[in-house]
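Residues 1 to 743, numbered by the UniProt record's numbering, are exactly what the sequence shown covers, in order.
Virtual Cβ for every residue (Gly too), placed ideally from N, Cα, C.
What follows is a single structure, written as structure tokens, with notes after it.
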Amino acid sequence: MGPNIPSPFKEKGNSRFKIILTIDPASPLYVIHGEEIEIKCHIQAVPPLTGFSWKHDDTEMDGVPLISNGTLISEYQTLTIPAATFDDKGKYSCSGENDETEGESDKISVNVVRVQLTIEPATPLLVIYGEEIVIKCQVQANYSLYNISWMHGDKIVGIPLQSNGSFINDTLTIPTATFGDQGDYWCRVDIGNTHTRKHIFVDVIGVQLTIEPATPLRVIYGEEIVIKCQVQANYSLYNISWMHGDKIVGIPLQSNGSFINDTLTIPTATFGDQGDYWCRVDIGNTHTRKHIFVDVIGVQLTIEPATPLRVIYGEEIVIKCQVQANYSLYNISWMHGDKIVGIPLQSNGSFINDTLTIPTATFGDQGDYWCRVDIGNTHTRKHIFVDVIGVQLTIEPATPLRVIYGEEIVIKCQVQANYSLYNISWMHGDKIVGIPLQSNGSFINDTLTIPTATFGDQGDYWCRVDIGNTHTRKHIFVDVIGGLPVISTRNQTHVVVHQSESVRLHCIIDSNPDALFVYWTKQVNGKEFVIDADGGTLHDPSLDFHEAKWSDTGTYICHVGNSLGNSTGSSIHLSVISETLMCPCTVDYFQKVLTWNSQNVSNYTKDEWRTVLQPVLQAIEKELRIDVTTVSSFQRKKKSATNKSRSETIIYDIAKPLEFILGSSLNAFSTGSFDCLKPSTCSSPQACNMNDIIPKKCPITTTENLTTTVKQTTTVPEITSPPEPTKTTKSQCGKKNHTQNSN
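Here you go:
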């Protein structure tokens, strides 16, 4: 008989009825989150069950149908939850009923546990035979009581651990890998009656490295380094490279089989090449390596400057030998021919400098100089060729050269050498002046010319000859002394302004010694006179016109003097354009004076104007003379009548000189006389004295009988023959009240 399992039962009459329900597995049940939950309910019932259900925390489970078909229910029922979640934790039970009674099983407690396993490194892990295997399992759980262990096949390897919290690391280390260590390694976590695990595959690879020659390898400085690495493996895909320190040297190779040779060649050994060289084989995520020590011995010689060294005859010879050795006991000396020059030195360390100095080079110093290092019974050496060049520099004139400010500087450098290839240049300070020359023989002249000396040109001028890597030079001092004042007008030559505008005529003075005086002169009609105007002082030598007038037109010159003499600036011609309308004149007269447009007319007195215009005035008087006897009575009456016709204006400005501006129409007159106004005003017509100066913009007016109107054109129109005009006598000059129309 089986075990006596207490179960609820009922008796009816003389019959015994019972229901016995048993849960499997035992409580508590631990399930990993995401894994399957499986619970069985074993059934014993008399009579057989007619109904069955599962309960979760005393609640019938949704989705699990109630079995009630009136037939015999099997001996057990199974509850399966494919992927456990945290909502699935709790207490589970099964219940059943038959026609006589009902019953329920004991409760089973289900705990859903979250466990995260992380294995490092990634799988597969490739390990070289004989090297260390290191794998790590990291566990993180929401449960604090569990065991962790490593399994290789069905055996535990390493030491199992028991958690003391929700997080734990378990590292498995196998010091020396063998082929028996190859295979799957499982990190297993046991919690209660369940467990979870994760694996990594360890692949043990056999690699044999052979390096030739044997370590250490000693190489003479400057000789070739050759080392070879031979690889034999039971794996065909790997990379091989040489490492010096942490740097790859040479060209890495990729295998094409289980056997390969990699040879590293360094053509010229230096002390920087000394040290360990590692032949490294990389297979997947692992590597192996083997090394050889390279010992660079010997001496490194460095000579400065580079060979050949060209030295000017009479100058200093300086050559340096730098020795670096991995030996601390050696001697260093300079040899010229078979003789020691200078003082030999004995080293007190691995590094030394030996400088040979010959204060004054002679032709006997020319030749090879050897820096020789003796170590025990051997030696090494390096040489430099010293070429002594004869160069003679002659500068003319003698130093110092004194030059007057503003005058020309001329200095000459004559070079004579026993060498035909060199460059010659003039230096002022640290700047090249003039044009450098290249020799085409042993003799050359280089002349430096500065057309106008300034104080900035004062100082030392060096004639420099460059031959190869050396040079020589000779200097002359140029002393720029004061001269006559230098005057600048800022390139003003012809200045045109409108009447009443302001203008400045520039006079910029540069004088050494200081200027003592300054004045301006004005030239008009070939005559020059000193003017008194605003400006023209030592404090402000420029000339200012605050409101230019027509009479200011002329040619101006600035004069400056110092203790060495006087200077005259360039002339500046000032033209002032008149803005006042000029008086009307006849068309005939307008045609006569068109030719004056290009003339440079200056102010004249009345007498001067009469002389200048005498031929024109005579021609006008002849043309205007008429026979009054032929004038009809009607015409005389018409002449005596008031002339209400428009007076038109032909305007000219003599200061431009002579620019004509026409009105909208032109009246041709048969007669006319010129009247002028006094110089002081142009407002009311009055007779002029013949000795007065005609004002700059004083209108000259004339009025005639309107006979013919000519429309404005761009050229002077032809005038039709006028009717017989009235005669105007000389006595009438200045008595007519001529007015100027504004049309």
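Helix, strand or coil at Gly153 according to DSSP, with G and I counted as helix = Position 153 of the sequence shown holds residue 153. Correct three-state label for Gly153: coil.
query = In terms of DSSP beta bridges, what is Gly535 paired with?
reply = Here residue 535 refers to the residue found at position 535 when the sequence shown is read from its first residue. Gly535 pairs with Leu543.
inquiry  = Tell me the residue span of the beta strand (DSSP E) that contains Arg310.
reply    = Along the sequence shown, read from residue 1 onward, the residue named residue 310 stands at position 310. Run containing Arg310: Leu309 to Ile312, per the beta strand (DSSP E) assignment.
task = Have a look at residue 744 and Pro513 and give me their C-alpha separation to the nearest angstrom.
result = Here the chain has residues from 1 to 743 only, and residue 744 is not among them.
message = Please state the DSSP three-state secondary structure of Asp87.
response = Taking the sequence shown and counting its residues from 1, the one referred to as residue 87 is at position 87. Here Asp87 sits in helix by DSSP.
request  = Taking all protein chains shown into account, decide if Ala417 is buried (16 or more other Cβ within 10 angstroms of its Cβ) or exposed.
outcome  = Counted from its first residue, the sequence shown places residue 417 at position 417. Looking at its Cβ environment, which holds 16 or more other Cβ atoms inside 10 Å, Ala417 is buried.
Buried or exposed (CB count within 10 angstroms, at least 16 for buried), Ile654 = Counted from its first residue, the sequence shown places residue 654 at position 654. Only weak support is given to the placement of Ile654: the predicted model assigns it a pLDDT of 40, under 50, and the question is left unresolved by the model.
ask   = For the segment 290-306 against the segment 324-343, are there 3 or more C-beta pairs whose distance is under 8 Å?
value = Contact between the segment 290-306 and the segment 324-343 is established, with three or more Cβ pairs separated by less than 8 Å.
Runs of alpha helix (DSSP H) lying entirely within the UniProt domain "Ig-like" (115-203), each at least 4 residues, in chain order = none
Beta-ladder partner(s) of Ser425, from DSSP = Residue 425 sits at position 425 when you count from the first residue of the sequence shown. DSSP lists Arg464 as partners of Ser425.
ask   = Mapping DSSP to helix, strand and coil, what is Asp430?
value = Numbered from 1 along the sequence shown, position 430 holds the residue referred to as residue 430. DSSP places Asp430 in coil when its eight states are reduced to three.
query = Is Pro252 closer than 9 Å to Asn239 when the C-beta atoms are compared?
reply = As a first step, residue 239 must be located in the sequence shown, where it is residue number 239. As a first step, residue 252 must be located in the sequence shown, where it is residue number 252. In this structure, Pro252 lies closer than 9 Å to Asn239 by Cβ.
message = Let me make sure I understand the geometry here. Which of Phe179, Met243, Ser241 and Gln230 has the alpha-carbon closest to that of Asn261?
response = Within the sequence shown, numbered from 1, the residue matching residue 261 stands at position 261. Checking every option, the nearest Cα to that of Asn261 belongs to Gln230.
query = If you draw a straight line from the C-alpha of Pro48 to the C-alpha of Asn98, how long is it?
reply = If you number the sequence shown from 1, residue 48 lands on position 48. If you number the sequence shown from 1, residue 98 lands on position 98. For Pro48 and Asn98, the distance between alpha carbons rounds to 6 Å.
ask   = So what's Lys412 in DSSP terms, helix, strand or just coil?
value = Position 412 of the sequence shown holds residue 412. Here Lys412 sits in strand by DSSP.
Segment contact flag, the segment 538-553 with the segment 504-524, C-beta cutoff 8 Å, min 3 pairs = yes
message = Please classify Asp368 as buried or exposed, where buried requires at least 16 neighbouring CB atoms within 10 angstroms.
response = Mapped onto the sequence shown, residue 368 falls at position 368. Burial check for Asp368: the Cβ neighbour count within 10 Å stays below 16, so the residue is exposed.
ask   = What's the C-alpha gap between Val127 and Ser236?
value = Taking the first residue of the sequence shown as 1, we reach residue 127 at position 127. Taking the first residue of the sequence shown as 1, we reach residue 236 at position 236. Spanning the two alpha carbons is a distance of roughly 14 Å.
key: Integer-rounded CB distance, given that Gly390 should sit under 8 Å from His428   = As a first step, residue 428 must be located in the sequence shown, where it is residue number 428. As a first step, residue 390 must be located in the sequence shown, where it is residue number 390. Incorrect: roughly 27 Å between the Cβ atoms, too far for contact.
inquiry  = For His559, count the other beta carbons within 10 Å of its own beta carbon; 16 or more makes it buried, fewer makes it exposed. Which is it?
reply    = Along the sequence shown, read from residue 1 onward, the residue named residue 559 stands at position 559. With 16 or more other Cβ atoms within 10 Å, it is buried.
key: Ala515, enclosing beta strand (DSSP E) - first and last residue   = Sequence index remark: in the sequence shown, residue 515 carries index 515 (1-based). It spans Ala515 to Val524 - the beta strand (DSSP E) in which Ala515 sits, taken as one unbroken run.
ask   = Which residues in the same chain as Gly468 place their Cβ atom closer than 6 Å to its Cβ, once the five residues preceding and following it in sequence are excluded?
value = For the purposes of this step, residue 468 is taken as the residue at position 468 of the sequence shown. Cβ within range, chain order: Arg310.
ask   = Val530: buried (16+ other C-beta within 10 angstroms of its C-beta) or exposed?
value = Counted from its first residue, the sequence shown places residue 530 at position 530. With fewer than 16 Cβ atoms within 10 Å of its Cβ, Val530 is classed as exposed.
ask   = Which runs of the alpha helix (DSSP H), 4 residues or longer, sit entirely within the UniProt domain "Ig-like" (299-387)?
value = none
inquiry  = When you compare the segment 342-359 with the segment 310-320, are there three or more beta-carbon pairs, one atom per stretch, that lie closer than 8 Å?
reply    = At 8 Å Cβ cutoff, the stretches touch.
For Leu617, three-class secondary structure by DSSP = Sequence index remark: in the sequence shown, residue 617 carries index 617 (1-based). Helix at Leu617.
key: Sequence-distant residues of its chain with Cβ nearer than 8 Å to Asp479 (five each side left out)   = One-based indexing of the sequence shown puts residue 479 at position 479. Within the same chain, Asp479 has close Cβ partners Pro400, Leu401, Arg402, Val403 and Gln458.
request  = Would you grab the beta carbon distance between Glu408 and Thr449 for me? Rounded to a whole angstrom, and I think it's under 8 Å.
outcome  = In the sequence shown, counting from the first residue as 1, residue 408 sits at position 408. In the sequence shown, counting from the first residue as 1, residue 449 sits at position 449. Right, their Cβ atoms sit about 7 Å apart.
key: Option in Ala177, Lys606 and Ile43 with minimal Cα separation from Leu125   = Taking the first residue of the sequence shown as 1, we reach residue 125 at position 125. The candidate whose alpha carbon is nearest that of Leu125 is Ala177.
query = Roughly how many angstroms separate the alpha carbons of Pro121 and Gln138, rounded to a whole number?
reply = Residue mapping note: residue 121 aligns to position 121 of the sequence shown, counting from 1. Residue mapping note: residue 138 aligns to position 138 of the sequence shown, counting from 1. So the two alpha carbons sit approximately 11 Å from each other.
ask   = Candidates Ser420, Ala398, Asp88 and Tyr405: which alpha carbon is nearest Ile411's?
value = By one-based count along the sequence shown, residue 411 stands at place 411. For Ile411, the nearest C-alpha among the options comes from Ala398.
query = Phe443: buried (16+ other C-beta within 10 angstroms of its C-beta) or exposed?
reply = Counting from one through the sequence shown, the residue named residue 443 turns up at place 443. So Phe443 ends up on the exposed side.
request  = Could you work out which residue in Val386, Val31 and Gln614 is closest to Gly337 when comparing CA atoms only?
outcome  = By 1-based counting over the sequence shown, the position of residue 337 is 337. When C-alpha distances from Gly337 are compared across Val386, Val31 and Gln614, the shortest belongs to Val386.
request  = Check the DSSP bridge columns for Met61 and list the partner residues they point to.
outcome  = Against the sequence shown, residue 61 aligns to sequence position 61. DSSP, once it has assigned bridges, lists no residue as partnering Met61.
ask   = How close, in whole Å, do the beta carbons of Asp446 and Trp426 come, if the pair is a contact with beta carbons under 8 Å?
value = Position 446 of the sequence shown, counted from the start, is the residue given in the question as residue 446. Position 426 of the sequence shown, counted from the start, is the residue given in the question as residue 426. Their Cβ separation, rounded to whole angstroms, is 7 Å, which keeps Asp446 and Trp426 in contact under 8 Å.
request  = Give, in chain order, every unbroken run of the alpha helix (DSSP H) that is at least 4 residues long and sits entirely within the UniProt domain "Ig-like" (207-295).
outcome  = none
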